Structure formats: C-alpha cells, structure tokens
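In the working numbering, the protein residues as written are 7 to 387. The beta-carbon is built from N, C-alpha and C at its ideal position, and this holds for glycine as well. As the structure is a computational prediction, the values presented were derived from the model and not from experiment.
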C-alpha cells in the first residue's frame with residue numbers, strides 16, 4: 007500500500023535506520039539520515055503550488071452565472087445586497103452551471119476549481135491548497151470564491167488568501183477581515199482550516215498609488231490592525247509579503263525589514279515572495295544561500311527577549327505626517343499633465359513589452375491610451 011502521510015514513511019525509515027545500525031554496522035546510515043531529514047522537512051512535496059486569480063474576474067463570473075441561472079444583475083447590487091445574495095446561494099444546493107466556451111477565462115476558472123480534489127488526491131493537500139485573491143477589495147470577493155467552490159461541487163481543502171495591494175485596500179483590510187471572521191459561512195470554513203488565516207500584502211501597487219514611504223507605512227499599519235483583529239477573533243494570522251526585487255517593490259535587505267519590526271507584530275512564521283532576479287545573487291552559491299537564509303530565519307530573534315511594546319506615539323505622528331506630505335507631492339507628480347507622455351516617449355518603458363524575459367507586460371491592456379489604471383506597477387516603480 008502507498009504511504010498516506012510522510013509520518014508513515016518516516017516511521018519505516020527510522021526502523022530501517024535502527025536495523026542498519028544494529029545488524030550492518032551502520033553501513034550507509036548517513037544516507038538514510040539525509041533521507042529522514044528530507045522527509046521531515048518537505049514531506050512528499052518539495053514545493054507547493056499556489057493558485058492566483060484577480061478577485062474581479064471571479065466577481066464577473068459570479069455575475070454571469072447568476073444572470074444566466076437566476077436572472078439576477080449581481081453587479082448592480084450594493085455591498086449588503088451582494089452579501090445577502092452570496093449567503094442565499096451558499097445555503098442552497100449548487101445549480102447546474104451554464105456552459106462556457108473552452109477558450110474562455112470562465113471555463114478555465116471552473117475547470118481549475120473542479121480539478122482541485124483530484125489534484126490533491128494525486129499530490130497531497132500540501133501540494134496545492136492555497137488560492138490567492140489579488141486585488142481583494144471587499145468581503146464579497148472572498149465569499150465569491152467560496153461560492154464558486156460550492157457551485158463546482160467541491161469540498162477541497164483550500165486556504166483562501168486575500169491579497170491587499172492598493173493604499174485604499176490596505177487601509178480597509180482590517181475591516182474586511184473583521185467582516186469575514188464573523189461571517190456565517192466563512193467563519194466555519196476558517197475553523198475547518200484550523201483557525202489559520204494567511205493574508206498577503208503587496209508592495210508594488212501601494213508604491214504605485216502613494217509612493218514609497220506611504221506604501222510601507224500603510225503596510226505596517228495594516229499589519230498592526232490585522233494582527234489585533236485576528237487576535238480578537240482567536241484567529242492565527244500569518245502575513246505573506248509579496249516582495250519584489252528593487253526597494254520600491256519591497257526588495258533590498260529583506261532581513262533588515264523584518265528585524266526593524268516592533269514586538270507588536272509576532273513573527274512566528276515568515277512567508278514572502280522572492281523575485282527571480284534576486285535568486286542568483288542571494289542564493290546562487292552555497293555560502294551566499296547559507297548566509298541569506300540564516301539572516302532571514304534569525305531576523306526576528308533579537309526581539310524575543312524584549313517585552314511587547316507599541317511604536318511610540320511621537321514616532322507614529324511623525325511617520326503619519328511624513329507619509330501625508332510625501333503622498334501629496336507624489337500625487338502631484340503622477341497626475342501632472344506631462345507625466346504619462348514622459349513615460350511613453352522619454353523612458354524605455356515602451357520597449358519593456360518587446361522583451362521576452364519579463365514576467366508581465368508593462369500595461370494590463372494594450373488597447374487605448376496609457377493611463378495610471380492600466381499601467382502595471384512592476385514596470386513603473
């Protein structure tokens with residue numbers, strides 16, 4: 007019979023190790039030791055695959071399904087009406103979903119969600135269980151994914167990870183999660199996931215919206231408020247930082263960032279993205295990898311013997327004032343009449359889209375004139 011859990015394999019390997027030591031003078035015992043360590047560290051999955059989709063795409067899909075199956079114009083409903091609609095259909099048996107063209111985004115989403123149980127059966131829950139909702143702007147966005155899973159007839163072990171990116175979304179993040187923690191459908195789902203909520207925070211879009219200082223201050227404040235509201239509801243909150251390569255995208259000396267956080271933000275678990283162009287620099291050699299991984303793992307140790315204390319009020323007021331001033335000047339810059347023409351005609355930005363080494367195009371839409379809305383933060387900042 008195949009092993010169902012890594013612990014079963016580890017138990018047999020320990021028995022094998024004991025046999026080798028007792029009956030074969032420890033021949034090749036070191037190789038078994040390495041294998042046991044690998045199983046204990048990675049289980050059956052060296053890496054997990056995250057699913058990621060823009061929350062607004064789900065909203066459109068929910069609207070399309072409701073319009074076709076119940077003649078409901080979901081987009082015209084206000085926030086309270088949308089939540090009531092979502093609750094109503096979460097409590098009902100799943101309807102027969104309409105057919106979507108095989109080359110459509112809608113088909114891809116439904117097909118992917120339906121495939122989750124079989125994928126988890128093949129690779130295990132650890133292999134694929136996280137669904138990142140980029141551009142999360144409301145509690146409805148999270149409930150919409152929950153409803154889509156219900157409609158697709160799956161009860162897969164899935165962790166929904168809202169990603170808050172813009173300054174407004176970071177400001178509203180705690181209120182959104184407070185609503186979800188008390189929601190009649192999301193709260194039970196969260197308990198099934200052992201009361202653990204991972205929340206992703208993006209650095210790039212905040213910098214694009216408000217500038218470097220304002221973005222980092224907004225992320226810090228969001229973390230403080232999210233931590234407080236999670237503790238209030240007895241939820242274990244884990245922050246997943248969407249950091250890029252350059253400092254404007256949260257890069258630079260990452261360990262210094264975590265070392266600088268106050269003791270009001272417990273760092274029991276560290277999750278962050280590593281941009282491709284930084285991997286060879288920071289982890290390209292054994293010595294560099296050992297040093298940089300060690301710096302990350304020990305970033306929060308210095309404060310362990312310190313009592314928890316909030317940032318001094320004077321520092322908060324100073325940072326708030328600096329953030330407001332810098333954001334005002336930054337807004338004047340990006341809304342200047344010649345700013346977008348400057349990006350298009352003076353900078354090399356238009357040529358980035360011609361490269362075949364980039365992960366994303368400079369603009370979300372290639373149609374129409376360049377605007378701040380369709381300008382991707384990664385290219386800009």
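Task: Whole-number beta carbon distance between residue 154 and residue 67, since they are thought to touch under 8 Å - done: Here residue 67 refers to the residue found at position 61 of the chain shown. Here residue 154 refers to the residue found at position 148 of the chain shown. Their Cβ separation, rounded to whole angstroms, is 7 Å, which keeps residue 67 and residue 154 in contact under 8 Å.
TODO: With a 10 Å radius around its C-beta and 16 neighbouring C-beta atoms as the bar for buried, classify residue 99 as buried or exposed.
DONE: Position 93 of the chain shown, counting from 1, holds the residue named residue 99. Its Cβ having fewer than 16 others within 10 Å, residue 99 is exposed.
Task: Alpha-carbon spacing of residue 188 relative to residue 241, whole angstroms - done: In the chain shown, residue 188 corresponds to position 182, counting from 1. In the chain shown, residue 241 corresponds to position 235, counting from 1. Each residue's Cα considered, the two are about 11 Å apart.
Open item on the list: Looking only at its chain, what residues have a beta carbon closer than 8 Å to the beta carbon of residue 133, apart from the 5 residues adjacent to it on each side?
Closed with: Taking the first residue of the chain shown as position 1, residue 133 is located at position 127. Excluding sequence neighbours, residue 133 sits near 50, 51, 54, 55, 125 and 126.
Task: residue 212 beta carbon less than 8 Å from that of residue 333 - done: Taking the first residue of the chain shown as 1, we reach residue 333 at position 327. Taking the first residue of the chain shown as 1, we reach residue 212 at position 206. No Cβ-Cβ contact shorter than 8 Å links residue 333 with residue 212.
Task: Where residue 321 sits in the DSSP three-state scheme - done: For the purposes of this step, residue 321 is taken as residue 315 along the chain shown, with counting starting at 1. Residue 321 falls in the helix class under three-state DSSP.
TODO: Please work out which residues of its chain come closer than 8 Å, Cβ to Cβ, to residue 339, disregarding the five sequence neighbours upstream and downstream, and give them in chain order.
DONE: Your numbering for residue 339 matches position 333 in the chain shown. So the list reads 345, once near-sequence residues are dropped.
Task: Member of 191, 139, 151 and 145 whose CA lies at the smallest distance from the CA of residue 171 - done: What you label residue 171 is simply residue 165 of the chain shown in a count that begins at 1. Nearest neighbour of residue 171 by Cα position, chosen from 191, 139, 151 and 145, turns out to be 139.
Open item on the list: Count Cβ pairs between the stretch 21 to 33 and the stretch 105 to 119 that sit closer than 8 Å; are there 3 or more?
Closed with: Judged by pairs of C-beta atoms under 8 Å, the stretch 21 to 33 does not touch the stretch 105 to 119, as fewer than three such pairs exist.
TODO: Leaving aside the five residues before and after residue 120 along the sequence, list all residues of the same chain whose C-beta is less than 8 Å from its C-beta, in chain order.
DONE: One-based indexing of the chain shown puts residue 120 at position 114. Contacts found: 158, 159 and 160.
Open item on the list: Pop quiz: residue 152 and residue 232 are said to be a contact at Cβ under 8 Å. What is the actual Cβ separation, rounded to whole angstroms?
Closed with: Counting from one through the chain shown, the residue named residue 152 turns up at place 146. Counting from one through the chain shown, the residue named residue 232 turns up at place 226. That belief does not hold up - the Cβ atoms of residue 152 and residue 232 are roughly 20 Å apart, past 8 Å.
Task: Terminal residues of the beta strand (DSSP E) in which residue 242 lies - done: Within the chain shown, the letter at position 236 stands for residue 242. Unbroken beta strand (DSSP E) run through residue 242: 242 to 248.
Task: Bridge partner(s) assigned by DSSP for residue 59 - done: Sequence index remark: in the chain shown, residue 59 carries index 53 (1-based). Residue 59 pairs with 139.
TODO: Out of 335, 203, 192 and 264, state which residue places its alpha-carbon closest to the alpha-carbon of residue 169.
DONE: For this step, residue 169 is matched to residue 163 along the chain shown. Nearest C-alpha to residue 169: 203.
TODO: Give the DSSP-derived three-state secondary structure of residue 219 in the structure shown.
DONE: Start at 1 with the first residue of the chain shown, and residue 219 comes out as number 213. In the structure shown, residue 219 sits in a helix (DSSP, three-state: H, G or I).
Open item on the list: Output needed for residue 252: all residues of its chain with C-beta closer than 6 Å, excluding positions within five of it in sequence on either side, in chain order.
Closed with: What you label residue 252 is simply residue 246 of the chain shown in a count that begins at 1. Hits under 6 Å: none found.
Task: residue 188 at chain B interface by Cβ criterion, 8 Å - done: No chain B appears in the structure shown, which is made up of a single protein chain.
TODO: Return yes when the Cβ of residue 225 is within less than 8 Å of the Cβ of residue 183, no when it is not.
DONE: Mapped onto the chain shown, residue 183 falls at position 177. Mapped onto the chain shown, residue 225 falls at position 219. No, the pair does not count as a contact, with Cβ atoms beyond the cut-off.
Open item on the list: Alpha carbons only, please: which of 198, 58 and 69 is nearest the one belonging to residue 141?
Closed with: In the chain shown, residue 141 corresponds to position 135, counting from 1. For residue 141, the nearest C-alpha among the options comes from 58.
Task: First and last residue of the uninterrupted beta strand (DSSP E) at residue 169 - done: Position 163 of the chain shown holds residue 169. Where residue 169 is concerned, the enclosing beta strand (DSSP E) starts and stops at 165 to 170.
Task: First through last residue of the alpha helix (DSSP H) which encompasses residue 177 - done: Position 171 of the chain shown holds residue 177. Per DSSP, residue 177 belongs to the alpha helix (DSSP H) from 173 to 187.
- [ ] Could you please give the first and the last residue of the uninterrupted alpha helix (DSSP H) stretch that includes residue 130?
- [x] The residue labelled residue 130 in the question sits at position 124 within the chain shown. Residue 130 -> no alpha helix (DSSP H), and no H or E assigned at all.
- [ ] Could you work out which residue in 39, 352, 166 and 280 is closest to residue 147 when comparing CA atoms only?
- [x] Sequence index remark: in the chain shown, residue 147 carries index 141 (1-based). It is 166.
Task: residue 203: first and last residue of the uninterrupted beta strand (DSSP E) it sits in - done: Locating residue 203 in the chain shown gives position 197, counting from the first residue. Residues 202 to 208.
TODO: Assuming residue 362 contacts residue 370 (C-beta within less than 8 Å), just tell me the rounded distance between them.
DONE: For this step, residue 362 is matched to residue 356 along the chain shown. For this step, residue 370 is matched to residue 364 along the chain shown. Actually they do not touch by this definition, with Cβ atoms about 19 Å apart.
- [ ] Would you mind reading off the limits of the alpha helix (DSSP H) that contains residue 345?
- [x] The count along the chain shown starts at 1 and reaches residue 345 at position 339. Element bounds for residue 345: 345 to 351.
- [ ] Starting from residue 265, follow the alpha helix (DSSP H) in both directions and report where the run begins and ends.
- [x] To locate residue 265, count along the chain shown from 1; it is residue 259. Its alpha helix (DSSP H) spans residues 260 to 266.
- [ ] Given a cut-off of 8 Å, decide if residue 149 and residue 94 are closer than it, judged by their beta-carbon atoms.
- [x] For the purposes of this step, residue 94 is taken as residue 88 along the chain shown, with counting starting at 1. For the purposes of this step, residue 149 is taken as residue 143 along the chain shown, with counting starting at 1. Cβ atoms of residue 94 and residue 149: not closer than 8 Å.
Open item on the list: Under DSSP, the alpha helix (DSSP H) around residue 45 begins and ends at which residues?
Closed with: For the purposes of this step, residue 45 is taken as residue 39 along the chain shown, with counting starting at 1. Here the alpha helix (DSSP H) through residue 45 covers 35 to 48.
TODO: Let me know the secondary structure DSSP gives residue 381 once reduced to three states.
DONE: Locating residue 381 in the chain shown gives position 375, where the first residue counts as 1. Secondary structure at residue 381: strand, using DSSP grouped into helix, strand and coil.
Task: Three-state secondary structure (DSSP) of residue 369 - done: Against the chain shown, residue 369 aligns to sequence position 363. It is a strand residue.
Task: For residue 198 and residue 322, the rounded distance between their alpha carbons - done: The count along the chain shown starts at 1 and reaches residue 322 at position 316. The count along the chain shown starts at 1 and reaches residue 198 at position 192. Rounded to whole angstroms, residue 322 to residue 198 spans 37 Å at the Cα level.
Task: Identity of the residue in 297, 129 and 103 nearest residue 156 by Cα - done: As a first step, residue 156 is located in the chain shown; it is residue number 150 there, counting from the start. The candidate whose alpha carbon is nearest that of residue 156 is 103.
- [ ] Below 8 Å on the Cβ atoms is my guess for residue 300 versus residue 279; work out the distance and round it to an integer in Å.
- [x] The count along the chain shown starts at 1 and reaches residue 300 at position 294. The count along the chain shown starts at 1 and reaches residue 279 at position 273. About 19 Å separates the two Cβ atoms, so there is no contact after all.
Open item on the list: Output needed for residue 243: all residues of its chain with C-beta closer than 7 Å, excluding positions within five of it in sequence on either side, in chain order.
Closed with: Numbered from 1 along the chain shown, position 237 holds the residue referred to as residue 243. Hits under 7 Å: 203, 205, 232, 233 and 236.
TODO: Check whether the Cβ atoms of residue 245 and residue 196 lie closer than 8 Å to each other.
DONE: Along the chain shown, one-based indexing puts residue 245 at 239. Along the chain shown, one-based indexing puts residue 196 at 190. Taking 8 Å as the Cβ cut-off, residue 245 and residue 196 do not qualify as a contacting pair.
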